[in-house]
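**Q**
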Amino acid sequence: MKRDGDMTLSTPKIKSSGIIVEYDGKRALHGIDLDIYPNEVTALIGPSGCGKSTFLRCINRMNDVIDNCKVSGRLMIDDTDVYDPEIDVVELRARVGMVFQKPNPFPKSIYDNVAYGPRIHGLTENKDDMDRIVKKSLKRAGLWDEVRERLDDKALGLSGGQQQRLCIARAIAVNPEILLMDEPCSALDPIATSIIEELINELRERFTIVIVTHSMQQAARVSQKTGYFHLGNIIEYGETNDIFTRPKNEQTEAYISGRIG
Amino acid sequence: MELIGLMFLALIFLMPLGANIYGRTRIRKLMITSAQTQSEESVKQHSLTAFHGLFMSMCVLLPALVIILCWLAFAPMVISSLLVSEISRLTGETDPRLLSIFVSKLEALYEGVLKAEFVEPEVRQALGYYSALIARANIFLYVVAIFTAIAGFVISARQISPRFAARDKVEVIIKRLMQLASGVAILTTIGIILSLAFEASRFFDVVPISEFLFGTHWSPQIAIREGQAGGSGAFGAIPLFAGTLMITFIAMLLAVPIGLMSAVYLSEYASKRLRNIAKPAIELLAGIPTVVYGFFAALFVAPFLRNNGSVIGLELSSESALAAGLVMGIMIIPFISSLSDDVINSVPQNLRDGASALGATQAETITQVILPAALPGIVSAILLAISRAIGETMIVVMAAGVAANLTANPFESVTTVTVQIVMLLVGDQEFDSAKTLAAFALGLVLFFVTLMLNVLALYIVRKYKEQYD
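First to last, the sequence lines map onto chains A and B. All residue numbers for the first sequence refer to this note's numbering, where the first residue is 1 and numbers rise by one. All residue numbers for the second sequence refer to this note's numbering, where the first residue is 262 and numbers rise by one.
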């Protein structure tokens, strides 16, 4: 795995070394080494079943809930070893937010959806604090103007794109450092997709974003770094521009030019 | 005679079989001849050979079956009216009540239930007429049914041709059969409602509806003879409603928390293997006959409660609402746990993922996300369980007693609507006394309440069901 020169300017936010994931003894990831840098969008691309989502779920230990899933190797977020048995998963997930493929707002009001995270982590002292966090998160997710009049309405009444932005607001309400996005636009129409992509671009200033996507155009549009996964290995990783204009690896080139995948 | 009947039955079921074979053979032959004669362009067979056979056997069997069913429904009426006129000719009797007694005696005599010496000579005289009538009626049925079958055969055989749409016809016939089947269930329900309403209205002619619904004294005796002491009954159903309510409430107090918690455990915590064993085991509770629960309540729970109650200074009667309610609660558990478990399982996995990705613990996820999402389904499960509890009888008869007792004390004996219906109808009854008719009024109330609960359950599910697509 080669790295371009200017990437070493800052220290990595997430440092994965030799991450191996096994489901029922079958290997899904064969030792992933990957450095993800702060305040950038890192896109993970690759054909279905290549392990990119599995890797994403390693970062906030969402693989824990899957039976018979075993993760080994070392994954550091700053100075924290994510797979240290002593680590508090609740605290880890407050630092690493996640947005899923299908919008999954809770069957509660819009307000309560955003307030859910701050509430379970005890981030606020009083209602005013909470109001402020909810407002701030909805504004950052670009949803405030659309829902300010109906915060007490059911979240499931929103459109798909609005629901997904609500899920982003819900994730950033706990003020995480990292935001993981697992194909966040695959269930959305092109207009809702472009709104979310713009949003990702803005959020990059505050958060380190890792996004899994099936759309190479999307990866090219939103990300600064791109990693190409294939059959549980990372084949190539570097500046998005370089990956899409002059890939070094033949497989990568085949994939992004549409010949495989 | 019986031999002819059996042969007839065999024939009715063998003829469609023959028709089936005939239909298949005929269409095959027709296809062969058409292939030989139509030289330029061969005719394509519209339906598969099997459909032609099926069409023919349906045309033979179904009309004959309709004839037989109609005969079973209407022949007794015709025969008895013929008997009545014959007996009235022989005896010169015109009172319809006496005539109907004669007819009953005649039928009993024919069946051999009643000995000849207990029967009036005129009735004995009519016996020959009766048996000849029955024999003739049977022969008439056989002939008509077989003629119908043959007619069906001839008409359907004429239709068989390569372009005949046998497949479509069979589809239509099957669709009609399905409609008929669902119609039977609906008509039965309507019939039960109507008979309940009719008999209940007769009851309300005797006892005013306000006294029935709001009276607080239940003592359904009716004088057997004029001027009997204590002969005037009281039909205030409030004690029954109160007893039903209390026992149901106690049952729910036990069943709802236990059922819900076991549902949550099974769907959220238990491993797949444990769940596969535990869920059927819990559902087994629902398969125990209620009478077994009843003697369990009467022989173990009630004495246990009484003995332990006296230890802490409580006066319990040997039959108590508490004992019945507790045992009924145990019976209800699988209804709540099994239905709720299904509902909780159908909450999409991505809601669980969303909550745990925010750092929610499993308990937080369940109480704050899963249960609210599953609530409409859980509420309807509870409502269905309540209607089950209200309708339950055996446990209450055996454990709570039969005395109508208006009390709020769960340690005393009470009675319920269903138990009183049983009490009203056991033993020798005069069918048109207020006492017997009261059972229909109670049944109507019971039906109405459970119907409302079911409607409410459906409404809640439909109204509050979240659309997760």
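We put the CB at the ideal spot given by N, CA and C, even for glycine.
Step through the CB atoms of chain A and report whether any lies within less than 8 Å of the CB of LEU632 of chain B.
**A** Closer than 8 Å: no.
**Q** With distance defined between alpha-carbon atoms, name the residue in A:LYS52, A:SER215, A:TYR116 nearest to LEU44 of chain A.
**A** LEU44 of chain A has its Cα closest to that of A:LYS52, out of A:LYS52, A:SER215, A:TYR116.
**Q** Of all the options A:ASP24, A:ALA115, A:ALA169, A:ASP182, which has the alpha carbon lying nearest to the alpha carbon of MET62 of chain A?
**A** When only C-alpha atoms are compared, the closest one is A:ASP182.
**Q** In terms of residue numbering, what span does the beta strand (DSSP E) encompassing ARG27 of chain A cover?
**A** Note, ARG27 of chain A: beta strand (DSSP E), 26-36.
**Q** Within 8 Å of any Cβ in chain B, is that where the Cβ of TYR23 of chain A sits?
**A** So no, TYR23 of chain A is outside the interface.
**Q** Is it right to say SER232 of chain B is buried, meaning 16 or more other beta carbons lie within 10 angstroms of its own, or is it exposed?
**A** Since the first residue of chain B shown is 262 and the last is 730, residue 232 of chain B is not available in this structure.
**Q** For VAL404 of chain B, is the classification buried or exposed, using 16 other Cβ atoms within 10 angstroms of its Cβ as the cut-off for buried?
**A** Classification for VAL404 of chain B: exposed.
**Q** Can we say the stretch 567-577 of chain B touches the stretch 667-677 of chain B, given the rule of at least three CB pairs closer than 8 Å?
**A** With a cut-off of 8 Å, the stretch 667-677 of chain B and the stretch 567-577 of chain B count as touching, because enough Cβ pairs lie within range.
**Q** Using only CA atoms, which one of B:PHE502, B:VAL663, B:LEU644, B:MET659 lies nearest to GLY555 of chain B?
**A** If we check each option's Cα against that of GLY555 of chain B, B:MET659 comes out closest.
**Q** Applying a beta-carbon distance threshold of less than 8 Å, which residues of chain A neighbour SER617 of chain B?
**A** Those are MET62, VAL65, ARG93, listed as they occur along chain A.
**Q** CB GLY31 of chain A to CB ILE19 of chain A, shorter than 8 Å?
**A** In this structure, ILE19 of chain A lies closer than 8 Å to GLY31 of chain A by Cβ.
**Q** Going by beta carbon distance, what residues of the same chain come within less than 8 Å of CYS185 of chain A, once the five residues before and after it are set aside?
**A** Closer than 8 Å at the Cβ level, and outside the excluded window around CYS185 of chain A, lie GLN164, ALA192, THR193, ILE196, GLU197, THR213, SER215, GLN218.
**Q** Any beta-carbon of chain A closer than 8 Å to the one on ASP603 of chain B?
**A** Not closer than 8 Å to any Cβ of chain A, the Cβ of ASP603 of chain B fails to qualify, so no.
**Q** Please go through the same chain and pick out, in chain order, the residues whose beta-carbon is closer than 7 Å to the beta-carbon of LEU92 of chain A, but skip the five residues on each side of it.
**A** Hits under 7 Å: ASN60, ARG61, VAL82.
**Q** Residues of the stretch 526-553 of chain B in Cβ contact with chain A at a cutoff of 7 Å, in chain order, please.
**A** So nothing in the stretch comes that close.
**Q** Let me confirm a value: PRO564 of chain B is counted as buried when at least 16 other C-beta atoms fall within 10 Å, else exposed. Which label applies?
**A** The residue is exposed, with fewer than 16 neighbouring Cβ atoms inside 10 Å.
**Q** Residues of chain A with CB closer than 8 Å to the CB of ASP429 of chain B, please, in chain order.
**A** Residues of chain A passing the Cβ test: none, with the nearest at roughly 42 Å.
**Q** Quick check on the burial criterion: 16 or more other C-beta atoms within 10 angstroms. Buried or exposed for CYS58 of chain A?
**A** So CYS58 of chain A counts as buried.
**Q** So HIS230 of chain A is in the beta strand (DSSP E); what residue range does that whole segment cover?
**A** Start and end: 225-230.
**Q** Return the first residue and the last residue of the beta strand (DSSP E) that GLU580 of chain B is part of.
**A** Premise fails: GLU580 of chain B is in no beta strand (DSSP E) and is neither H nor E.
**Q** What did DSSP end up calling GLU576 of chain B once you bin it into helix, strand or coil?
**A** Three-state result, GLU576 of chain B: coil.
**Q** Is LYS136 of chain A close to chain B, meaning its C-beta is less than 8 Å from at least one C-beta of that chain?
**A** Cβ-Cβ to chain B under 8 Å: no for LYS136 of chain A.
**Q** Kindly confirm or deny that the stretch 467-474 of chain B and the stretch 537-556 of chain B touch, where touching means at least three C-beta pairs closer than 8 Å.
**A** The stretch 467-474 of chain B vs the stretch 537-556 of chain B: no contact.
**Q** Got a sec? Which residues, its chain only, sit under 8 Å from LEU291 of chain B by beta carbon, not counting five neighbours each side?
**A** Answer for LEU291 of chain B: ILE421, SER422, PRO423, listed in chain order.
**Q** If you check the beta carbons only, do GLY160 of chain A and ALA187 of chain A fall under 8 Å apart?
**A** Taking 8 Å as the Cβ cut-off, GLY160 of chain A and ALA187 of chain A qualify as a contacting pair.
**Q** How many angstroms separate the CA atom of VAL687 of chain B from the CA atom of ALA664 of chain B?
**A** C-alpha separation (whole angstroms): 16 Å.
**Q** On the CB-based measure, 16 or more other CB atoms within 10 Å of its CB, does SER17 of chain A come out buried or exposed?
**A** Its Cβ having fewer than 16 others within 10 Å, SER17 of chain A is exposed.
**Q** Whole angstroms are fine: how far does the CA of ILE328 of chain B sit from the CA of TYR390 of chain B?
**A** Whole-angstrom Cα-Cα distance: 25 Å.
**Q** How far does the alpha helix (DSSP H) with GLY615 of chain B in it reach, from first residue to last?
**A** Per DSSP, GLY615 of chain B belongs to the alpha helix (DSSP H) from 610-618.
**Q** Classify TYR283 of chain B as helix, strand or coil using the three-state DSSP reduction.
**A** Note: TYR283 of chain B maps to helix in three-state DSSP.
**Q** Name the chain A residues whose beta carbon is nearer than 7 Å to that of ALA621 of chain B?
**A** By Cβ distance, chain A contributes ILE120.
**Q** So is GLY373 of chain B buried or exposed if we call it buried at 16+ other beta carbons inside 10 Å?
**A** The residue is exposed, with fewer than 16 neighbouring Cβ atoms inside 10 Å.
**Q** Quick one: Cα of ALA141 of chain A to Cα of ILE168 of chain A, how far?
**A** Answer to the nearest angstrom: the Cα atoms are 6 Å apart.
**Q** Would you say LEU619 of chain B and VAL174 of chain A are within 8 Å of each other, going by their C-beta atoms?
**A** Yes, the Cβ-Cβ distance between LEU619 of chain B and VAL174 of chain A is below 8 Å.
**Q** Note down, in chain order, every chain A residue with its Cβ under 7 Å from the Cβ of GLU625 of chain B.
**A** Residues of chain A passing the Cβ test: ILE120.
**Q** Buried or exposed: where does ASN666 of chain B fall if 16 or more other Cβ atoms within 10 Å of its Cβ makes it buried?
**A** With 16 or more Cβ atoms within 10 Å of its Cβ, ASN666 of chain B is classed as buried.
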